[in-house]
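Trainee: Right, I'll just put the structure down here and ask away after.
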Amino acid sequence: MKTKNKNLKSSVIFVPMIAIFCTLLWGTAFPAIKIGYVLFSVVSTDIPAKLLFAGLRFMIAGLIVLGIGALRHDSDGLTIRLRKKDIAPIALLSLFQTFLQYFLLYIGIGGVSGTRSALYTSVAAFTSVLAAPIFLKSEKITVKALGGCILGIVGLSALLTDSDAGGFTLTGDLLVILSNVSGAAGNIVSKKISHHRRPEQVSGWQLLMGGTALTVIGLLFGGRLNAQNYTAWFLLLYLGAMAGIAFMLWTMLLRNNPVGRVAVFNFLIPVFGTMWSGIFLFENIFTLQNILALLLVSAGIFIVNLKKSEKKQ
Numbered sequence: 138m139k140t141k142n143k144n145l146k147s148s149v150i151f152v153p154m155i156a157i158f159c160t161l162l163w164g165t166a167f168p169a170i171k172i173g174y175v176l177f178s179v180v181s182t183d184i185p186a187k188l189l190f191a192g193l194r195f196m197i198a199g200l201i202v203l204g205i206g207a208l209r210h211d212s213d214g215l216t217i218r219l220r221k222k223d224i225a226p227i228a229l230l231s232l233f234q235t236f237l238q239y240f241l242l243y244i245g246i247g248g249v250s251g252t253r254s255a256l257y258t259s260v261a262a263f264t265s266v267l268a269a270p271i272f273l274k275s276e277k278i279t280v281k282a283l284g285g286c287i288l289g290i291v292g293l294s295a296l297l298t299d300s301d302a303g304g305f306t307l308t309g310d311l312l313v314i315l316s317n318v319s320g321a322a323g324n325i326v327s328k329k330i331s332h333h334r335r336p337e338q339v340s341g342w343q344l345l346m347g348g349t350a351l352t353v354i355g356l357l358f359g360g361r362l363n364a365q366n367y368t369a370w371f372l373l374l375y376l377g378a379m380a381g382i383a384f385m386l387w388t389m390l391l392r393n394n395p396v397g398r399v400a401v402f403n404f405l406i407p408v409f410g411t412m413w414s415g416i417f418l419f420e421n422i423f424t425l426q427n428i429l430a431l432l433l434v435s436a437g438i439f440i441v442n443l444k445k446s447e448k449k450q
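The numbering of the sequence shown is the working numbering, which starts it at 138 and goes up by one.
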């Protein structure tokens, strides 16, 4: 039964379906966070308030995932409890995948345009593919993976316009790039520690740890959220639930598949982010750049996930 479940979680239909669902959810964060800032009266220069907003979001996400894990019956004997031997590896994952990634992102994104930050998302996928073979013996760099990443980067480059050709800044561009490198490190750590742990345990506790750290720092530096109405809290609850479900499913995919095969779907996040921004923020998304980006990114993902036909023995 275990073998059958693992084969399903590695199938050519299941992996793209779940990965696309995760990136669709993550893509909604772009407009939702912008709307959230308005509803909570967070100005662009108020970094502590942004960190508090992010921290509460991920604390909610962690609690939701742990709640799902507590309700779900699993016959493999694994637990969602945080045992002594789980603290160090899950804390390391939380450091890269939640705390550092979003600490750097929320500070740096104020000095980087939306399309530019979307392009930098490709760093996470490309770094994951290149770094995974160094840290994981089971991973290999393949021509397909490199080709898919290159197509993805070219595709996201199409999102850049002439008006977005500002200079490179250390406090903006560099921090956003480093946040994506941190996310890539999180992919590798997640793959390494999730083999004998439930996805709900790994995702739930790392989100709760990272979210708590961000919340504490935001409060210590004077961050405050002033909700205009109940809609603000419902939006924050949605952002938490979305992040929790997406991270839990993503952890499950990394547990059962090569990092490169899963990480390449990160290229879809800015594409979906652009799409959702057009729907909820009334931005024009039906442009030649957006269509070209989607086609190239989709082609790159298809190449990475293309399996060779096996010869009959």
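Don't be surprised by glycine CBs; every beta carbon is placed ideally from N, CA and C.
According to the Cβ coordinates, are G289 and G173 closer than 7 Å?
Mentor: no
Trainee: Going by CA-CA distance only, name the one from I271, S178, R194, P185 that's closest to A378.
Mentor: R194
Trainee: Helix, strand or coil for E276, going by three-state DSSP, please let me know.
Mentor: coil
Trainee: Are the stretch 267-280 and the stretch 333-340 touching, with three or more C-beta to C-beta distances below 8 Å?
Mentor: no
Trainee: Pick helix, strand or coil for I150, following the three-state DSSP scheme.
Mentor: coil
Trainee: Which same chain residues, not among the five before or five after V318, have their C-beta less than 7 Å away from its C-beta?
Mentor: V260, T264
Trainee: DSSP state of N394, grouped into three classes?
Mentor: coil
Trainee: Taking all protein chains shown into account, decide if R334 is buried (16 or more other Cβ within 10 angstroms of its Cβ) or exposed.
Mentor: buried
Trainee: Using only the alpha-carbon positions, how far apart do L345 and S231 sit?
Mentor: C-alpha separation (whole angstroms): 8 Å.
Trainee: Use the C-beta contact count for T306: other C-beta atoms within 10 angstroms, 16 or more gives buried, fewer gives exposed.
Mentor: exposed
Trainee: What are the start and end residues of the alpha helix (DSSP H) that includes R194?
Mentor: Taken as a continuous stretch (DSSP letters only), the alpha helix (DSSP H) holding R194 covers 184-208.
Trainee: Label S331 either buried or exposed according to how many other C-beta atoms from any shown protein chain fall within 10 Å of its C-beta, with 16 as the threshold for buried.
Mentor: buried
Trainee: Beta-carbon within less than 6 Å of D299's beta-carbon, same chain only, minus the 5 sequence neighbours each way: which residues are those?
Mentor: Because the pLDDT at D299 is just 44, under 50, the model does not fix this residue reliably, and the value given afterwards should be weighed accordingly. Beyond the five residues adjoining it in sequence on each side, D299 comes within less than 6 Å, by CB distance, of no other residue in the same chain.
Trainee: Using CA coordinates, which residue listed in G192, A380, T182 is at the minimum distance from L161?
Mentor: A380
Trainee: With a Cβ-Cβ cutoff of 7 Å, do G348 and G192 count as a contact?
Mentor: In this structure, G192 lies closer than 7 Å to G348 by Cβ.
Trainee: Please classify T160: does DSSP put it in a helix, a strand, or coil?
Mentor: DSSP places T160 in helix when its eight states are reduced to three.
Trainee: Can you find the residues in the same chain that come closer than 8 Å, C-beta to C-beta, to T368, ignoring five residues on each side of it along the sequence?
Mentor: Its chain contains L176 as the residues whose beta carbon lies nearer than 8 Å to that of T368, once the 5 sequence neighbours on both sides are disregarded; these appear in chain order.
Trainee: Specify the secondary structure class of I217 as computed by DSSP and reduced to three states.
Mentor: coil
Trainee: When you compare each of V179, A169, F384 to M412 by their alpha carbons, which one comes out closest?
Mentor: That would be A169, whose Cα lies nearest to the Cα of M412.
Trainee: Do L229 and V326 count as a contact pair if the criterion is CB distance below 7 Å?
Mentor: Cβ atoms of V326 and L229: closer than 7 Å.
Trainee: Which of the three DSSP states is assigned to A364 in this structure?
Mentor: coil
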